[in-house]
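Novice: First the structure, which I've put down as structure tokens, then a few questions once you've had a look.
Number of protein chains: 2
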Amino acid sequence: MAHDHTLCPRFENAFNLLGKRWNGLIIRVLMNGPQRFKEISDLIPGMSDRMLAERFKELEAAGILIRRVYPETPVRIEYELTEKGHALEPIMDAVQTWAEKWVE
Amino acid sequence: MAHDHTLCPRFENAFNLLGKRWNGLIIRVLMNGPQRFKEISDLIPGMSDRMLAERFKELEAAGILIRRVYPETPVRIEYELTEKGHALEPIMDAVQTWAEKWVE
DNA sequence: GTTCGTGACTTACTTTTAGTTAGTCACTAA
DNA sequence: TTAGTGACTAACTAAAAGTAAGTCACGAAC
Numbered sequence: 001m002a003h004d005h006t007l008c009p010r011f012e013n014a015f016n017l018l019g020k021r022w023n024g025l026i027i028r029v030l031m032n033g034p035q036r037f038k039e040i041s042d043l044i045p046g047m048s049d050r051m052l053a054e055r056f057k058e059l060e061a062a063g064i065l066i067r068r069v070y071p072e073t074p075v076r077i078e079y080e081l082t083e084k085g086h087a088l089e090p091i092m093d094a095v096q097t098w099a100e101k102w103v104e
Numbered sequence: 001m002a003h004d005h006t007l008c009p010r011f012e013n014a015f016n017l018l019g020k021r022w023n024g025l026i027i028r029v030l031m032n033g034p035q036r037f038k039e040i041s042d043l044i045p046g047m048s049d050r051m052l053a054e055r056f057k058e059l060e061a062a063g064i065l066i067r068r069v070y071p072e073t074p075v076r077i078e079y080e081l082t083e084k085g086h087a088l089e090p091i092m093d094a095v096q097t098w099a100e101k102w103v104e
């Protein structure tokens, strides 16, 4: 057998996150700073609230974002990228660059 | 209503591709040059042949790769990135960099 | 003081997508 | 003649996503 350019397991793991529907868009939207549930929902056309709630839980568990509760009246809840989440910015930028050149 | 940082439709479109399971890994593997069905299949653990065949069709339709048939005996079929596909390299590199720093 | 609206979800149900197993077809080697 | 390989395809089941409606706490409007 020849040499195998086997996949890096960290790379695979990264694409388990990014390669899941909506995650890229959610992260992209949060790059503009913390936002509330409804704001994000409004910015991503086609995504249902159910999906957004589900993704938030996964992304929080993965350490990409945090959920902050401000106990005002009415209560305000914001979602914000962690350092790990912000570190995805170069990826988002690269996608944007590619998309501008090659999409449509 | 405040300003809306609405999503760029090209970006959205790009993530329709990258945000689909297996696509990132398939593209990553093809960055190392043209490869055959079975080689790619062997390099991506957990992905079935059915999925690979389906993804190839989609990625070919999206202009990311081409299917080349070499009429030898036995016939040899290779999948190769197009220019558009190769242009995804900075994204793959950015994912790799992020993964090395933040995954596991 | 009851309905109306908003924000952040949850539940129940349907459809779509993915995973699993087996099969096909054209060869070639034993 | 049988077994194996490469590149798929078909049939079926399981998991994920989509859709619609509901909940709960509140505050404002009629």
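Protein chains in written order, with UniProt numbering: chain S, 1 to 104; chain R, 1 to 104. Quick reminder that beta carbons are idealized off the backbone N, C-alpha and C, glycines included.
Label Y70/R either buried or exposed according to how many other C-beta atoms from any shown protein chain fall within 10 Å of its C-beta, with 16 as the threshold for buried.
Specialist: Position 70 of the second sequence, counting from 1, holds the residue named residue 70/R. With fewer than 16 Cβ atoms within 10 Å of its Cβ, Y70/R is classed as exposed.
Novice: For A87/S, which option in E12/S, R28/S, L7/S, T97/S has the closest C-alpha, if you only look at C-alpha atoms?
Specialist: Mapped onto the first sequence, residue 87/S falls at position 87. Per the Cα distances, R28/S.
Novice: Does the distance from the CB of residue 126/S to the CB of G19/R come in under 8 Å?
Specialist: The first residue shown for chain S is 1 and the last is 104, placing residue 126/S beyond what the model contains.
Novice: If you follow the alpha helix (DSSP H) that V103/R is in, where does it begin and where does it stop?
Specialist: Taking the first residue of the second sequence as position 1, residue 103/R is located at position 103. Note, V103/R: premise wrong, no alpha helix (DSSP H); not H, not E.
Novice: In chain order, what are the residue ranges of uninterrupted beta strand (DSSP E) at least 3 long that sit wholly in the region 4-92 of chain S?
Specialist: Whole beta strand (DSSP E) segments, 3+ residues: 65-70, 76-81.
Novice: Pull up the distance between the alpha-carbon of N16/R and that of R21/S, whole angstroms please.
Specialist: Your numbering for residue 16/R matches position 16 in the second sequence. Your numbering for residue 21/S matches position 21 in the first sequence. Their Cα atoms are separated by approximately 7 Å.
Novice: Thinking just about the alpha-carbon of each residue, which of A53/R, R10/R, A62/R is nearest to the one in S41/R?
Specialist: In the second sequence, residue 41/R corresponds to position 41, counting from 1. Of the candidates A53/R, R10/R, A62/R, the one whose C-alpha sits nearest the C-alpha of S41/R is A53/R.
Novice: Return the residue from the list D49/R, G63/R, G33/R that minimises the CA-CA distance to A14/R.
Specialist: Sequence index remark: in the second sequence, residue 14/R carries index 14 (1-based). For A14/R, the nearest C-alpha among the options comes from G63/R.
Novice: Which same chain residues end up closer than 7 Å to E89/S when comparing Cβ atoms and leaving out the 5 residues on each side of it in sequence?
Specialist: For this step, residue 89/S is matched to residue 89 along the first sequence. Closer than 7 Å at Cβ, skipping near neighbours: M31.
Novice: Is there a Cβ of chain S sitting closer than 8 Å to that of P90/R, yes or no?
Specialist: For the purposes of this step, residue 90/R is taken as the residue at position 90 of the second sequence. Yes - at least one Cβ of chain S is within 8 Å of the one on P90/R.
Novice: Between R50/S and the rest of its own chain, which residues show a CB-CB distance below 7 Å, the 5 nearest in sequence each way excluded?
Specialist: Translated into the one-based positions of the first sequence, residue 50/S becomes position 50. Once the five neighbours on either side are set aside, R50/S has no close Cβ partner at all.
Novice: What are the residues of the region 25-41 of chain S that lie near chain R, defined by any Cβ-Cβ distance shorter than 8 Å?
Specialist: Those residues of the region 25-41 of chain S that come within reach of chain R (Cβ to Cβ, closer than 8 Å) are L25, R28, V29, N32.
Novice: What does the alpha-carbon distance come out to for the pair I66/S and M47/S?
Specialist: Mapped onto the first sequence, residue 66/S falls at position 66. Mapped onto the first sequence, residue 47/S falls at position 47. When rounded, the distance between both Cα atoms is 20 Å.
Novice: Is E18/R close to chain S, meaning its C-beta is less than 8 Å from at least one C-beta of that chain?
Specialist: Numbered from 1 along the second sequence, position 18 holds the residue referred to as residue 18/R. Looking at the sequence provided, one finds Leu at residue 18/R rather than Glu. By this cut-off, L18/R is an interface position.
Novice: How about I91/S and I91/R: are their beta carbons less than 8 Å apart?
Specialist: Taking the first sequence and counting its residues from 1, one reaches residue 91/S at position 91. Taking the second sequence and counting its residues from 1, one reaches residue 91/R at position 91. Yes, the Cβ-Cβ distance between I91/S and I91/R is below 8 Å.
Novice: Could you tell me which chain S residues have their CB closer than 7 Å to the CB of I44/R, listed as they occur along the chain?
Specialist: As a working mapping, residue 44/R is identified with position 44 in the second sequence. Per Cβ cutoff of 7 Å: L7.
Novice: Contact defined as beta carbons within less than 8 Å: I believe E58/R pairs with R68/R. What is the distance between those atoms, to the nearest angstrom?
Specialist: In the second sequence, the residue the question calls residue 58/R occupies position 58. In the second sequence, the residue the question calls residue 68/R occupies position 68. The pair is not a contact, with the Cβ atoms about 18 Å apart (cut-off 8 Å).
Novice: Taking CB distances under 8 Å as the criterion, tell me whether Q96/R reaches chain S.
Specialist: Along the second sequence, one-based indexing puts residue 96/R at 96. It does: the Cβ of Q96/R has a partner Cβ on chain S nearer than 8 Å.
Novice: Roughly how many whole angstroms lie between the Cα atoms of G33/R and L81/R?
Specialist: Taking the first residue of the second sequence as position 1, residue 33/R is located at position 33. Taking the first residue of the second sequence as position 1, residue 81/R is located at position 81. The alpha-carbon atoms of G33/R and L81/R are separated by roughly 8 Å.
Novice: Between E39/S and R55/R, what straight-line distance do the alpha-carbon atoms span, to the nearest angstrom?
Specialist: Indexing the first sequence from 1 puts residue 39/S at position 39. Indexing the second sequence from 1 puts residue 55/R at position 55. Whole-angstrom Cα-Cα distance: 33 Å.
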